[in-house]
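A short worksheet on the structure shown next.
Protein chains in written order, with the numbering used here: chain A, 1 to 386; chain B, 387 to 727.
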């Protein structure tokens with residue numbers, strides 16, 4: 001496998017409704033920022049990989065066709081990925097694969113969602129208006145987690161407050177709740193027991209883009225004083241939606257994917273060797289669940305890290321310094337935003353939310369009924385563990 | 387000559403291609419994956435990577451591909467991906483993935499049940515949502531615009547289009563077909579594709595595994611795809627530069643191909659693509675009947691690669707397969723396969 005590195009990251013400002021831009025304008029905003037960050041133009045890009053969640057969200061079938069011009073893809077290979085909520089992550093994994101396979105030198109990965117121009121609830125219900133909604137699907141898993149781990153109810157509230165406070169340090173984040181507090185979260189309406197309104201993700205318009213290049217490109221960027229984020233491992237795993245003994249609290253696909261990405265990266269002690277993680281946490285309780293399913297905490301112990309403040313910026317395992325999906329959720333882009341934030345952190349380019357001395361970072365996205373998982377581990381050097 | 391990293395098509399299967407099936411997409415995939423792997427002596431446990439090609443809009447349901455994991459038998463969990471594109475692009479992703487060198491066997495699929503919807507209503511949804519989709523221009527309308535351009539440039543005429551239809555479908559005479567009324571001038575019914583339900587599955591293998599599985603693997607020696615600007619009115623419709631670039635990048639110029647399978651849903655598209663690719667009478671094009679005979683959306687391109695691979699399995703030396711997406715051949719893929727003695 002050929003080494004690959006992230007040398008450019010761009011994202012839009014996220015809002016409930018980006019009425020100032022078309023779909024094309026939205027992706028362009030992220031693409032320009034990523035290219036500027038990489039000191040490149042479209043002429044340097046050999047292929048484009050586009051990801052987004054169901055086309056029914058916006059009502060545009062195969063939007064990569066319409067977006068070919070805005071993406072600067074005319075005359076180039078353009079590839080369209082869709083793996084449900086994990087798609088932003090898979091977009092990063094597939095784009096990395098374009099480089100790691102030796103087929104392309106430099107690839108642009110873009111993911112977006114412009115939910116305000118469609119009706120996601122309609123699409124989630126397969127157009128029949130009978131949707132549980134994502135919260136309704138995941139609440140039973142969360143109740144099961146609480147039952148099994150004995151976690152106290154304030155854990156979810158703490159995650160909600162932490163991620164919203166982190167979002168205040170991220171100029172691109174959607175929700176900016178200056179006065180967020182445990183009391184406010186606790187007092188917010190119950191949506192899907194035990195998930196309250198302020199423990200839930202918003203619905204955002206937004207896009208994210210990253211430029212991935214090969215070893216020479218990564219080294220050239222480093223020599224130019226622009227640290228690359230080396231992709232040490234990238235992986236995806238999926239499992240079927242439902243069958244007896246499937247464990248959606250600790251999905252086998254998540255465990256296997258984490259094992260694979262750690263093996264590629266040479267990580268044997270994730271709790272010590274990973275400096276920060278961006279995990280896909282659309283509902284607060286996913287933080288302790290995913291800490292456990294990524295071996296960042298022992299089984300049943302994830303909530304204790306959260307409770308002790310270890311997952312805050314400044315803690316021993318900072319999670320979602322960007323504000324996470326809880327603060328910004330353009331569904332198709334949410335996974336790539338995680339991947340991009342991990343890259344920013346190890347490049348030392350995360351601004352006010354920077355984890356001091358972050359050398360290795362894990363990013364994860366999941367999708368559908370907690371079945372699709374994609375992850376990457378990035379680092380500030382090709383051999384961070386000596 | 388071969389190396390341990392060569393990647394080859396080693397088998398494929400397709401479902402019956404019908405106007406309408408009552409089987410679900412999962413059922414179609416369940417059977418076609420089995421049909422593709424069993425003759426090779428493989429089980430689902432042997433599959434290292436899967437990539438599925440399908441389209442929610444064709445199925446009429448968001449996340450329609452998720453249930454298809456049951457057909458793969460993704461337990462224990464699989465390295466798996468999905469493209470909202472024809473299965474030909476799923477094959478491209480698998481081909482890239484195998485080049486990383488750590489896994490050996492991939493299965494890709496393309497599936498679509500067009501009978502559940504009305505293409506004339508669905509396809510305008512793939513157009514630019516602000517300017518083109520609202521006018522409701524359907525694929526036949528855009529194809530007619532392209533056909534006019536292709537005729538005007540002398541690449542085709544109504545007679546050669548009718549000849550293409552007769553050859554593809556093996557029925558009727560040219561004069562009978564030309565006596566029909568127009569659907570959209572200059573297109574008549576015979577110039578249009580049928581509506582088809584169906585699925586295809588293909589097995590890719592790397593290095594020694596390919597040679598163990600079959601006597602004559604269809605080695606992929608070139609694979610490329612390109613897109614063009616979306617709005618057909620900004621393109622020269624009597625040309626297909628993206629096909630030409632993809633074919634060049636795939637190495638078409640380095641040696642002649644004996645057969646070609648082109649995803650041409652309309653008669654004039656086949657004539658245009660032949661011209662762009664520079665094929666003379668020495669290249670057998672769409673001996674299978676092509677998309678004019680069976681057009682299982684999201685599988686049509688993968689089926690082209692399958693028929694081209696069959697030529698290699700049967701002793702042929704070099705074959706080309708093509709797939710397309712978007713209005714008036716916006717996006718094009720070319721896959722070249724070779725056999726080795």
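The beta-carbon is built from N, C-alpha and C at its ideal position, and this holds for glycine as well.
Which residue's Cα is closest to the Cα of residue i: the options?
i: residue 181 of chain A; options: A:300, A:189, A:197, A:158; result: A:158
i: residue 455 of chain B; options: B:471, B:444, B:435, B:472; result: B:435
i: residue 174 of chain A; options: A:204, A:194, A:197, A:165; result: A:204
i: residue 284 of chain A; options: A:135, A:5, A:110; result: A:135
i: residue 459 of chain B; options: B:472, B:650, B:433; result: B:433
i: residue 337 of chain A; options: A:305, A:325, A:214; result: A:325
i: residue 90 of chain A; options: B:539, B:597, B:437; result: B:437
i: residue 396 of chain B; options: B:527, B:579, B:704, B:595; result: B:595
i: residue 656 of chain B; options: B:642, B:480, B:578; result: B:578
i: residue 115 of chain A; options: A:59, A:300, A:346; result: A:59
i: residue 333 of chain A; options: A:31, A:289, A:151, A:110; result: A:110
i: residue 303 of chain A; options: A:288, A:317, A:314; result: A:288
i: residue 585 of chain B; options: B:524, B:485, B:420; result: B:420
i: residue 112 of chain A; options: A:201, A:137, A:153, A:64; result: A:64
i: residue 101 of chain A; options: B:646, B:392, B:718, B:471; result: B:392
i: residue 533 of chain B; options: B:490, B:495, B:572; result: B:572
Tell me residue i's beta-bridge partners as DSSP assigns them.
i: residue 718 of chain B; result: B:612, B:710
i: residue 468 of chain B; result: B:438
i: residue 363 of chain A; result: A:278, A:376
i: residue 605 of chain B; result: B:394, B:724
i: residue 114 of chain A; result: A:205
i: residue 234 of chain A; result: A:376
i: residue 704 of chain B; result: B:724
i: residue 568 of chain B; result: B:574
i: residue 11 of chain A; result: A:208
Here's the rule I'm using: 16 or more other beta-carbon atoms within 10 Å means buried, otherwise exposed. How should residue i be labelled?
i: residue 723 of chain B; result: buried
i: residue 387 of chain B; result: Residue placement at residue 387 of chain B is flagged as unreliable, the pLDDT there being 37, under the threshold of 50; the coordinate-derived value follows with that caveat. When all chains shown are included, residue 387 of chain B counts as exposed.
i: residue 507 of chain B; result: exposed
i: residue 619 of chain B; result: exposed
i: residue 462 of chain B; result: exposed
i: residue 522 of chain B; result: exposed
i: residue 516 of chain B; result: exposed
i: residue 583 of chain B; result: buried
i: residue 547 of chain B; result: buried
i: residue 445 of chain B; result: buried
i: residue 406 of chain B; result: exposed
i: residue 545 of chain B; result: exposed
i: residue 450 of chain B; result: buried
How about residue i and residue j: do their beta carbons lie closer than 8 Å?
i: residue 231 of chain A; j: residue 378 of chain A; result: yes
i: residue 365 of chain A; j: residue 335 of chain A; result: yes
i: residue 271 of chain A; j: residue 296 of chain A; result: yes
i: residue 68 of chain A; j: residue 607 of chain B; result: no
i: residue 311 of chain A; j: residue 162 of chain A; result: yes
i: residue 658 of chain B; j: residue 531 of chain B; result: no
i: residue 684 of chain B; j: residue 473 of chain B; result: yes
i: residue 4 of chain A; j: residue 213 of chain A; result: yes
i: residue 677 of chain B; j: residue 418 of chain B; result: no
i: residue 10 of chain A; j: residue 34 of chain A; result: yes
i: residue 276 of chain A; j: residue 210 of chain A; result: no
i: residue 12 of chain A; j: residue 468 of chain B; result: no
i: residue 92 of chain A; j: residue 290 of chain A; result: no
i: residue 56 of chain A; j: residue 123 of chain A; result: yes
i: residue 638 of chain B; j: residue 671 of chain B; result: no
i: residue 380 of chain A; j: residue 248 of chain A; result: no
Residues of the stretch 409-437 of chain B with Cβ closer than 7 Å to any Cβ of chain A, in chain order
none
Residues from the stretch 473-501 of chain B in contact with chain A, defined by Cβ distance under 9 Å
475, 478, 479, 481, 482, 483, 484, 485, 486, 487, 488
Which residues, in order along the stretch 85-103 of chain A, keep a beta-carbon less than 9 Å from a beta-carbon of chain B?
87, 90, 93, 94, 97, 98, 100, 101, 102, 103
Give, in chain order, every residue of the stretch 608-620 of chain B whose Cβ lies closer than 9 Å to some Cβ of chain A.
609, 610, 611, 612, 613, 614, 615, 616, 617, 620
Any C-beta of chain B within less than 7 Å: which residues of the stretch 251-278 of chain A qualify?
252, 253, 256
For the stretch 221-238 of chain A, which residues have a CB atom closer than 8 Å to at least one CB atom of chain B, in sequence order?
235, 236, 237, 238
Below 7 Å between beta carbons is the criterion; list the residues of the stretch 61-80 of chain A that meet it against any residue of chain B, in chain order.
61, 62, 65, 66, 68, 69, 73, 74, 75, 76, 77, 78, 79, 80
Of the residues that make up the stretch 558-580 of chain B, which ones have a beta carbon closer than 7 Å to any beta carbon in chain A?
none
According to a CB-to-CB cut-off of less than 7 Å, which residues of the stretch 137-150 of chain A neighbour chain B?
none
Identify each residue in the stretch 455-471 of chain B for which the Cβ-Cβ distance to at least one residue of chain A is less than 7 Å, and report them in chain order.
455, 456, 460, 461, 462, 463, 464, 465, 466, 467, 468, 469, 470, 471
Residues in the stretch 440-453 of chain B with C-beta within 8 Å of chain A's C-beta atoms, listed in sequence order?
441, 442, 443, 446, 447, 448, 449, 451, 452, 453
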